[in-house]
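Number of protein chains: 2
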Amino acid sequence: MTRHTPRYLEIGRAIVQQITSGVLPAGKKLPSVRLLSQERGVSISTILQAYAWLENRGMIEARPRSGFYTKAVSLHHVAEPSFANTTPKPTKVRAMPTIAEILRAAMNPDTVSLGASAPSPQLFPTAKLNKIIRRIIQENPDHSSRYTFPPGAETLRREIARRSIEFGCSFTIDDVTITSGGIEAIVLSLRAIARAGDVVAIESPTYFGILQAIESLGMRVLEIPAHPRTGMDLGRLEQAIKKHKVKVCVIMPNCHAPLGYVLEDEAKRKTVELAARHGVALIENDAYRELAFGSRRAKPAKAFDTTGSVVLCSSFSKILGPGFRVGWVSPGKYRRQIEDLKFVNSLATPSLPQLVIAHFLAEGGYDRHLRRLRDTLLDHVQAFTHAAAKYFPPGTKLTRPQGGYLLWCELPDGVDSDKVFQLALAKNILITPGSIFGTGKRFNHHLRLNAGILWSSAVERALRELGQLCSAM
Amino acid sequence: MTRHTPRYLEIGRAIVQQITSGVLPAGKKLPSVRLLSQERGVSISTILQAYAWLENRGMIEARPRSGFYTKAVSLHHVAEPSFANTTPKPTKVRAMPTIAEILRAAMNPDTVSLGASAPSPQLFPTAKLNKIIRRIIQENPDHSSRYTFPPGAETLRREIARRSIEFGCSFTIDDVTITSGGIEAIVLSLRAIARAGDVVAIESPTYFGILQAIESLGMRVLEIPAHPRTGMDLGRLEQAIKKHKVKVCVIMPNCHAPLGYVLEDEAKRKTVELAARHGVALIENDAYRELAFGSRRAKPAKAFDTTGSVVLCSSFSKILGPGFRVGWVSPGKYRRQIEDLKFVNSLATPSLPQLVIAHFLAEGGYDRHLRRLRDTLLDHVQAFTHAAAKYFPPGTKLTRPQGGYLLWCELPDGVDSDKVFQLALAKNILITPGSIFGTGKRFNHHLRLNAGILWSSAVERALRELGQLCSAM
Numbered sequence: 003m004t005r006h007t008p009r010y011l012e013i014g015r016a017i018v019q020q021i022t023s024g025v026l027p028a029g030k031k032l033p034s035v036r037l038l039s040q041e042r043g044v045s046i047s048t049i050l051q052a053y054a055w056l057e058n059r060g061m062i063e064a065r066p067r068s069g070f071y072t073k074a075v076s077l078h079h080v081a082e083p084s085f086a087n088t089t090p091k092p093t094k095v096r097a098m099p100t101i102a103e104i105l106r107a108a109m110n111p112d113t114v115s116l117g118a119s120a121p122s123p124q125l126f127p128t129a130k131l132n133k134i135i136r137r138i139i140q141e142n143p144d145h146s147s148r149y150t151f152p153p154g155a156e157t158l159r160r161e162i163a164r165r166s167i168e169f170g171c172s173f174t175i176d177d178v179t180i181t182s183g184g185i186e187a188i189v190l191s192l193r194a195i196a197r198a199g200d201v202v203a204i205e206s207p208t209y210f211g212i213l214q215a216i217e218s219l220g221m222r223v224l225e226i227p228a229h230p231r232t233g234m235d236l237g238r239l240e241q242a243i244k245k246h247k248v249k250v251c252v253i254m255p256n257c258h259a260p261l262g263y264v265l266e267d268e269a270k271r272k273t274v275e276l277a278a279r280h281g282v283a284l285i286e287n288d289a290y291r292e293l294a295f296g297s298r299r300a301k302p303a304k305a306f307d308t309t310g311s312v313v314l315c316s317s318f319s320k321i322l323g324p325g326f327r328v329g330w331v332s333p334g335k336y337r338r339q340i341e342d343l344k345f346v347n348s349l350a351t352p353s354l355p356q357l358v359i360a361h362f363l364a365e366g367g368y369d370r371h372l373r374r375l376r377d378t379l380l381d382h383v384q385a386f387t388h389a390a391a392k393y394f395p396p397g398t399k400l401t402r403p404q405g406g407y408l409l410w411c412e413l414p415d416g417v418d419s420d421k422v423f424q425l426a427l428a429k430n431i432l433i434t435p436g437s438i439f440g441t442g443k444r445f446n447h448h449l450r451l452n453a454g455i456l457w458s459s460a461v462e463r464a465l466r467e468l469g470q471l472c473s474a475m
Numbered sequence: 003m004t005r006h007t008p009r010y011l012e013i014g015r016a017i018v019q020q021i022t023s024g025v026l027p028a029g030k031k032l033p034s035v036r037l038l039s040q041e042r043g044v045s046i047s048t049i050l051q052a053y054a055w056l057e058n059r060g061m062i063e064a065r066p067r068s069g070f071y072t073k074a075v076s077l078h079h080v081a082e083p084s085f086a087n088t089t090p091k092p093t094k095v096r097a098m099p100t101i102a103e104i105l106r107a108a109m110n111p112d113t114v115s116l117g118a119s120a121p122s123p124q125l126f127p128t129a130k131l132n133k134i135i136r137r138i139i140q141e142n143p144d145h146s147s148r149y150t151f152p153p154g155a156e157t158l159r160r161e162i163a164r165r166s167i168e169f170g171c172s173f174t175i176d177d178v179t180i181t182s183g184g185i186e187a188i189v190l191s192l193r194a195i196a197r198a199g200d201v202v203a204i205e206s207p208t209y210f211g212i213l214q215a216i217e218s219l220g221m222r223v224l225e226i227p228a229h230p231r232t233g234m235d236l237g238r239l240e241q242a243i244k245k246h247k248v249k250v251c252v253i254m255p256n257c258h259a260p261l262g263y264v265l266e267d268e269a270k271r272k273t274v275e276l277a278a279r280h281g282v283a284l285i286e287n288d289a290y291r292e293l294a295f296g297s298r299r300a301k302p303a304k305a306f307d308t309t310g311s312v313v314l315c316s317s318f319s320k321i322l323g324p325g326f327r328v329g330w331v332s333p334g335k336y337r338r339q340i341e342d343l344k345f346v347n348s349l350a351t352p353s354l355p356q357l358v359i360a361h362f363l364a365e366g367g368y369d370r371h372l373r374r375l376r377d378t379l380l381d382h383v384q385a386f387t388h389a390a391a392k393y394f395p396p397g398t399k400l401t402r403p404q405g406g407y408l409l410w411c412e413l414p415d416g417v418d419s420d421k422v423f424q425l426a427l428a429k430n431i432l433i434t435p436g437s438i439f440g441t442g443k444r445f446n447h448h449l450r451l452n453a454g455i456l457w458s459s460a461v462e463r464a465l466r467e468l469g470q471l472c473s474a475m
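See below:
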């Protein structure tokens, strides 16, 4: 699995691990380059490379004529975001005008974009995907001359079905419908299951696109508080379902956005059983699951579905590139409705992107790419976490993401993250203010950082400036 | 303009013109090959090619040792579809289950597809588009690694805005929002303007996708009868608006689908003024406008909009290939709402297809392609019209399309086109039954033919079989 990871990176990552876990406290001297090179049986230059990598991300520092010292704070002193297990009520979603502004600013190339949610373009297998495009053009020049009507390109549906065994499902080709990105999958699922006025339960905080979708469809939202490591309290969910005639619940048990948790299989199973018991459908946002850290592959809640009432929504946006706009849904018992709504909503999904991704999946480089991407994103998340711990005001609380690349920060009470957003944008730094992740004022001193972008001195500078802005409040 | 048209095709088209207009009645002997070659100053083989082309489409026949004779009937004997200028009432759209079936059958390669609405893949500039894709891959390998958030790729919006002068509008870049195909543009416009329960006036018959969209959004439909050449009666429309609190009207003044008419500019202007006078928004489906026959370019109704209440929806699906899924909307005063809904509905439009089309528009081959496509589609429509006139039962009425490639047939009263649809599908022939173009039973002895596909003996055979099926009822 690590066959493709350079030695210096392995060593660097091991040291990060020791720092993060508190084995190496801040200010501790690291072994000399010569000693470590002998111990690990690698060249001096490999150790120098590892130390340079650590220094570059602010984890260690060189002191003249003395050696290298740990610099990063141990995260033991940084608390996780707080969890208020309050009783929710159905509400209408207020208009969220900042969102369009945020997304537009994300397209400005001069902006340090800590605001969008996407890995750096450099992390996608661009060369390989382009090679595939060239081959498709040659072998199938008419690729875009026909509609690829729902349920979508058969080759792609076959590859997705084939892989489903690996995550505890066993889809047939007909269990998969291709959509224009993951958000279309979720919107179509909501429209298939619920009507205007119906109550949709969600984890809180939740990805703002879900809130917007619920708003635009005239549904009401019921926000179940989510713990930063264990998600929704199921007792609270059951109470809410009993009291408020919940029609459907949108969940994200793997690499939750923005909290980053990965639930235990047992928690997923219990959620599915609870929903089935009360006749509530589940829409599972699974777009980040394959980015769960560690070697064990996470299962979707859908793997525990015995009644067909879990609708699994996924996407290749976070894995292969968001510009392809290829998502998919395994619609369970709502198949007919969702396919029909796909016709109505956009008639068909673009043909070439579907073919490109199907080829990539068929050719076997997908898993290797995933492993590398996960390892790299873990590095990113650690670097961002340490920078946030260092530069943000005392009392800042941070999540410990178990996958993906999002970092959720709870700033001290007095900080208004909408203001931070505006002030930062004036300095060409884009963040996502917490306020749009919920309907009330619960998250107005929170912010979400996109740690998917490549670490650089510009990024570190941006985080330092951001910390100064917050401290000044 | 005809510089690129082969001589044989020019001559063939001139003869079709004479047959259609009745100058050459059926059974008339054509000039000998030798004589015509001398008269037109072209080679004998060019005339032979022209006669073969005419023979192949059933317009003329060779009689041994005698020469060539006209075979096609003059269309003077074929009536246009009838027009019942009845008083409409708002209704709920019934479920139309056949549509998904139709579109799925259209993907079966063994089917003679007279049912989908798209030109033959061979009519798109595939080689040139693929050349552009290769160049983009080289110059901009990261093409799909980022979201292209609404309003969409600037290069494409610039090209569309630049061309808008030619059709009587003068859009800025900001007046154009890119969508995932034309139908998304229409759905977003409906959602931006109207709510569930609101009344949407439409021309009747109308493209079934519009009816489906209205149904799925819980709106009510008011079907204004459309005359096969002059469209809606504006007096009738005004009455209906006054009586039923119409919120928005969906119109297709250019190359109406399925009727094929192109309205006079004056009629477009009056429609816009009428709507503005009553505070009714107009959604203009403009996806076929560039396929209007003849050399004068048709203007959209949007060109007469002075209040920003006309929302122009268009697409490249019928011009460059439906698999790209690139449409656009010029949202007038609904810009903010439509852009925000685009975020909610599908977040972004795929990046590469937008870039490909922007390059194609910028490079100047677009107009030449359009001229050829229009000429070819006119040939197709004539061939289909003559075959329908020949093979369909007496009393069949046919439209005289002024653009596009759709032929609308009104069969004799006793013929049930839903049954024709099922029987034809069993013979691997796909048509679109008229019933889905309206809510009542008004069009249940109508059918729509896609004359966009290449003429062939298989197509002629399919039309003959179809005629036999209808006659047998």
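Line by line, the protein sequences are chains A and B. Taken in order, the first sequence gives residues 3 to 475; the numbers are from this note's numbering. Taken in order, the second sequence gives residues 3 to 475; the numbers are from this note's numbering. Even for Gly, the Cβ is constructed at its ideal location relative to N, Cα and C. The structure presented is a predicted model; accordingly, all values stated were derived computationally and were not measured.
Q.
Does the CB of N347 of chain B have a neighbour CB from chain A at under 8 Å?
A. yes
Q) In chain A, what lies closer than 9 Å to A215 of chain B by C-beta? A) V346 and N347
Q. Hey, does H145 of chain B have any beta-carbon neighbour from chain A nearer than 8 Å?
A. yes
**Q.** Rounded Cβ spacing between I135 of chain B and V422 of chain B (contact assumed at less than 8 Å)
**A.** In fact, because the Cβ distance is near 41 Å, the residues do not count as touching under 8 Å.
Q.
Quick check on DSSP: helix, strand or coil for E275 of chain B?
A. helix
Q) Along chain A, in chain order, which residues have C-beta atoms closer than 7 Å to that of F173 of chain B? A) Ordered by position in chain A, no residue passes the 7 Å Cβ test against F173 of chain B, which lies about 19 Å from the chain.
Q) the region 138–162 of chain B: which residues have C-beta closer than 7 Å to a C-beta of chain A, in chain order? A) I139, P143, D144, H145, S146, S147, R148, Y149, T150 and F151
Q: Using the DSSP secondary-structure output, state which residues sit across from P435 of chain B in a beta bridge.
A: B:L449
**Q.** Helix, strand or coil at T157 of chain A [DSSP, three-state]
**A.** helix
Q. Does DSSP put G233 of chain A in a helix, a strand or coil?
A. strand
Q. Taking buried to mean at least 16 other C-beta atoms within 10 Å of its own C-beta, is Q124 of chain B buried or exposed?
A. exposed
(Q) With a threshold of 8 Å between beta-carbons, can P355 of chain A be considered close to chain B, or not? (A) yes
Q: Measuring only between beta-carbons, confirm whether N376 of chain B sits less than 8 Å from chain A.
A: Here the sequence assigns Arg to residue 376 of chain B, which means Asn is not the residue at that position. Closer than 8 Å: no.
Q.
Under 8 Å, Cβ to Cβ, is there at least one residue of chain A near T113 of chain B?
A. no
Q. When burial is assigned at 16 or more other CB atoms within 10 Å of the CB, is I340 of chain A buried or exposed?
A. buried
Q. Alpha carbon to alpha carbon, what distance is there between K399 of chain B and T4 of chain B?
A. With a pLDDT of 41 at T4 of chain B, under the threshold of 50, the modelled position of this residue cannot be trusted; read the value that follows with caution. Distance between the alpha carbons of T4 of chain B and K399 of chain B: 32 Å.
(Q) Is there a C-beta anywhere in chain A that falls below 8 Å from the one on R291 of chain B? (A) no
Q: Could you name the residues of chain B that I185 of chain A contacts, counting a contact when the two beta carbons are closer than 7 Å?
A: S348 and L349
Q) For I188 of chain B, which residues in chain A fall below 9 Å Cβ to Cβ? A) Correct list: empty, because the minimum Cβ distance to chain A is about 10 Å.
Q.
Within the continuous alpha helix (DSSP H) that includes L409 of chain A, where are the two ends?
A. Here L409 of chain A belongs to no alpha helix (DSSP H); instead the beta strand (DSSP E) covers L408 to E412.
Q) Does the Cβ of Q470 of chain B have 16 or more other Cβ atoms within 10 Å, making it buried, or fewer, making it exposed? A) exposed
Q: Check whether the Cβ atoms of V250 of chain B and A283 of chain B lie closer than 8 Å to each other.
A: yes
Q.
Whether or not the region 258–277 of chain B and the region 299–311 of chain B are in contact is what I'm after, with contact meaning three or more pairs of Cβ atoms, one per stretch, closer than 8 Å; do they touch?
A. yes
Q | Residues, ordered as in the chain, of the region 425–446 of chain B that lie near chain A by beta-carbon distance below 8 Å | A | none
Q) If the cut is a Cβ gap below 8 Å, which residues of chain B does E341 of chain A touch? A) A102
(Q) Quick check for students: name the residue ranges of the alpha helix (DSSP H) that lie wholly in the region 357–430 of chain A, counting only runs of 4 or more. (A) 368–393 and 419–428
Q) In three-state terms, what does DSSP make of R67 of chain B? A) coil
Q: List the residues of chain B that N132 of chain A touches, going by C-beta distances under 7 Å, in chain order.
A: I139 and P143
Q. For A120 of chain A, which of A:L375, A:R160, A:P27 and A:S311 has the nearest alpha-carbon?
A. A:L375
(Q) Quick check: the Cα distance between G29 of chain B and R15 of chain B, rounded to an integer number of angstroms? (A) 18 Å
Q.
Can you give me the C-alpha to C-alpha distance between I321 of chain B and A360 of chain B, rounded to a whole angstrom?
A. 13 Å
Q: Taking 8 Å as the cut-off, decide whether the C-beta atoms of G183 of chain B and G329 of chain B are in contact.
A: yes
Q: Report back the beta-carbon spacing between F295 of chain B and Q404 of chain B to the nearest angstrom; my notes put them in contact at under 8 Å.
A: 6 Å
(Q) Just to check my reading of the structure: P1 of chain A and F151 of chain A have Cβ atoms closer than 8 Å, yes? What is that Cβ distance to the nearest angstrom? (A) Shown here, chain A extends from 3 to 475; a query on residue 1 of chain A therefore has no answer.
Q | Residues sharing a beta bridge with A228 of chain B, DSSP | A | B:M234
Q. Using DSSP with H/G/I as helix, E/B as strand and the rest coil, what is W55 of chain A?
A. helix
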